[in-house]
Each structure stands twice: as C-alpha cells, then as structure tokens.
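Residue numbers (the working numbering): 21 to 436.
No residue lacks a Cβ here, since even glycine has one placed at the ideal position from N, Cα and C.
Taking it in order: structure first as structure tokens, then the write-up.
Following this line, the structure appears as structure tokens:
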C-alpha cells in the first residue's frame, strides 16, 4: 500500500514540478533580461512594482482562493456550480479594496522619485495588474481544488511569464514605461484565459447539502493568515525600500528570488497534497494522511540537503549572472537560504493545518510570527540594511514553519 502510494504520489507531482521548474527558469530569464535593459534604479522600481502587486492582491482576494481549495476538494458532491458565482460576487466586491490600498501606498511613497514614467501611469498600471493577478490566483486555486495540479501550476506564473517573455523578445523593450505596460497586458490576458477555463471545467449543478463548516469563516482565517504571511515573507523587503536606494533594492530583489528556488519543490508538492489532505481528512482516512505527510517530508528533507550544498558552493556564481553589482548580496542570500532549509525540513506541515480545519491555528501562528517580524525589522533593517532584512525574514520564516510543524505533528497526526 505504501509503495503504491509512493509511486502514485511521485507520478502526480512530476508534471507540476517540471512546470514549476520551467516557471522559475522563465522568471529568472525575464528578470535577467530586464536587469540588462533597464538602469539599476529603474530595475529597482520594477522590483517595487512587483512587490506592491503582492501586497495589494493579498488584501483584495480576502482569503477566498485558499478557502476555495479546501471547499472544492473536500466537497466534491457539493453544489459547486452555484457556489462559484457567490465567491466571484464577493470577490469583485472585495477587489475595490485595492483602490484604498493603492491610495495608501501612494501616500506612503509620496517622496519616491519615479523617473521615466508618470506617477499616474505607475499607480494606474499597478491597480490593473493587481486586479488581474487576484483573478489569476483565485482561478488557479479553483484548479487546485479540482485536483488539476498542472493547471494550477500553469496559472501560477508560467502562462503570464511566457506571454511576457514573448512580448519582450519581439518588442525589444528598453524603457520602464513599456515594461510595465507589457507586464500589465500579460497579466490581463492570463486572467481572461483562466476565467474561460474555469467556466469550461465547472462541474454540473447538484442539490447536495452544503458543507458542515463555514466557508466564509474559513476564508476570513485564510485572509488574515495570508496577510501575515506576506508580512513575514515580503514585509522586510517593503520596509527595506524606505531605507536603501533603489539600486540596492533591486539587488535584494534578485537575492530573494534566488532564495526562493528551493521552494519550487514545496510548491509542486503542495499542488498535489493540498487536495489530497482535504479529501482524505474529510473522509476520516487518517492513515492515508499520515502516510502522505511522512512521504512528503522525507522527500523534502532530501531536497533540503541538496539546497545546502548548491548554495554554499555556487551562491556567488549565481548572483554574478545578473552582473558584478549583484555579488554584494552573497551573504544575504546564504542567510535567506538557512530559513528556506527549515521550510523544507518541516515539509507540508502548514498545508496539512490549513486543509484539515485548523485555519484558526495557522492564523494564530501567523499573527505571532508577524509580531516577531515587525520587532526585528524595526531594529535590524534600520541598523543593518539588506543584511538585517535577510536575517529578519529567515528568523520569521523558521519560526512560522517550526510552529506549524509542531501543531501538525502533535495536534493533528498524533491525536488521531
């Protein structure tokens, strides 16, 4: 049984992992291309544009994407056809929050010098790109809940990056304004495509009773946790942008992208395990949950060992690909990798928590971790700049994952 589960698991994760590897390669190729075409300051502003999209989307989607994964995966006989329009109705209401969010960021960055593009153009494109990204995220999670991990991975960056790279190649972009227009256009095309696929895949309407848990309470917990997770993962970088030059911010942005390389495996892993955890747990097949968790963690520990060796010996070389100026981030990269190794060792613990009705636990862990992040950031980033940002992120990430592992191991797996 265990061998069968292992073979089935590895076969299911193969294509999502390949797509995620291609997505990461495309992401680095796009960033390398624009790093060569744009000035250091313009590339830093391009990195800030991407960072602000993440924050705006985290607020506007209100946790509906992650809540949809659990609902669709665990309630396969539910009335999903009538459920999805309700989610979209709430979603399109909540997206208006991005207007307020954009206004706050405009005020926060009122002293930011934006050259080569008007302030109105920058914030208008940011708003449109955020709207499209939120739609893509919601639809990708619907694919994930429908046990379509390949579609989930495709619309988690692969499709938009393909369009972006194709456009950049044929248009030979060299100004920040044109780059931001192309990014926004690529995201809009991807969002529209994902909507058509969701409509095509939508299950037929049934009259099965609604789930026993509250979807909206679940969405609220995911929303709070998602906001806090963003603070933990990207908050240091956002605060750093107020303390250093745009050129240093651009270097740190590349460092964080390199540091996220080990998470490729966890991303592919979770694209398969999330729906399986939700379905098996809801049907009380707890032995299957334990076997899947153990198999996933063992595999991710192996990846962690490879990660340590790769970045210990080749971190300077990887940074040098983007230019000599980027080599200054070698120590920052190694610090961030330490946090990623803890992330890998703990395996899919956070995913298990969120897919087994423990969203509240995850929310509390996230809030606690965010408090640590804010305290550390105010001291370390102010005094040590990018190195302080890397230390803050690594400590916060490790704390969150270790606490998640504790509750997953001893509050879920051991008690059943």
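Asked, Found
"If you follow the alpha helix (DSSP H) that residue 336 is in, where does it begin and where does it stop?", "306-340"
"My assumption, with CB atoms under 8 Å, is that residue 300 sits in contact with residue 367. Please give the rounded CB distance.", "The Cβ separation is near 16 Å, so there is no contact."
"Please report the residue range of the alpha helix (DSSP H) in which residue 270 lies.", "266-279"
"Could you tell me which of 421, 398, 365 sits nearest to residue 384, measuring between CA atoms?", "421"
"On a Cα-Cα basis, can you pick out the residue from 256, 138, 176 that is closest to residue 405?", "256"
"DSSP state of residue 406, grouped into three classes?", "helix"
"If you run the structure through DSSP and keep just helix, strand and coil, what is residue 168?", "coil"
"Hey, residue 441 and residue 69 are a contact pair by Cβ (cut 8 Å); roughly how many whole angstroms apart?", "With the chain represented from 21 up to 436, any question about residue 441 goes unanswered, as that position is not in the structure."
"The alpha helix (DSSP H) that contains residue 371, what's its start and end?", "369-375"
"Quick one: is residue 199 near chain D, going by C-beta distance under 8 Å?", "No chain D appears in this structure, which consists of one protein chain only."
"Check whether the Cβ atoms of residue 393 and residue 412 sit closer than 8 Å, and answer yes or no.", "yes"
"Thinking just about the alpha-carbon of each residue, which of 201, 81, 289 is nearest to the one in residue 371?", "289"
"Exposed or buried, residue 62, counting other C-beta atoms within 10 Å across all chains shown (16 or more means buried)?", "buried"
"Put residue 192 into one of helix, strand or coil per three-state DSSP.", "coil"
"Taking the C-alpha atoms as reference points, what is the distance between residue 313 and residue 154?", "30 Å"
"Counting along the chain, where does the alpha helix (DSSP H) carrying residue 283 start and finish?", "283-302"
"Given residue 401, which residues of its chain have a CB within under 7 Å of its CB, disregarding the five upstream and five downstream residues?", "256, 259, 260, 263, 408, 409, 412"
"My assumption, with CB atoms under 8 Å, is that residue 183 sits in contact with residue 210. Please give the rounded CB distance.", "7 Å"
"Rounded to a whole number of angstroms, what is the C-alpha to C-alpha distance between residue 175 and residue 156?", "7 Å"
"Is it the case that the Cβ atoms of residue 77 and residue 162 are separated by a distance below 8 Å?", "no"
"Spatial neighbours of residue 349 within its chain, please: C-beta separation below 8 Å, excluding the five flanking residues on both sides.", "271, 272, 274, 275, 339, 406"
"Quick check: what's the CA-CA separation for residue 277 versus residue 331?", "13 Å"
"Note down, in chain order, each residue of its chain lying with its Cβ closer than 7 Å to the Cβ of residue 18, except the 5 sequence neighbours on either side.", "Since the first residue of the chain shown is 21 and the last is 436, residue 18 is not available in this structure."
"If I follow the unbroken alpha helix (DSSP H) through residue 260, where does it start and stop?", "256-260"
"Closest to residue 284 by CA distance: which of 354, 361, 335, 336 is it?", "361"
"Just verifying my parser: in three-state terms, what is the DSSP assignment at residue 176?", "helix"
"Where do the N-terminal and C-terminal ends of the alpha helix (DSSP H) with residue 61 fall, by residue?", "60-80"
"Can you tell me which of the three DSSP states residue 366 falls into?", "coil"
"To the nearest angstrom, how far is the alpha carbon of residue 46 from that of residue 52?", "10 Å"
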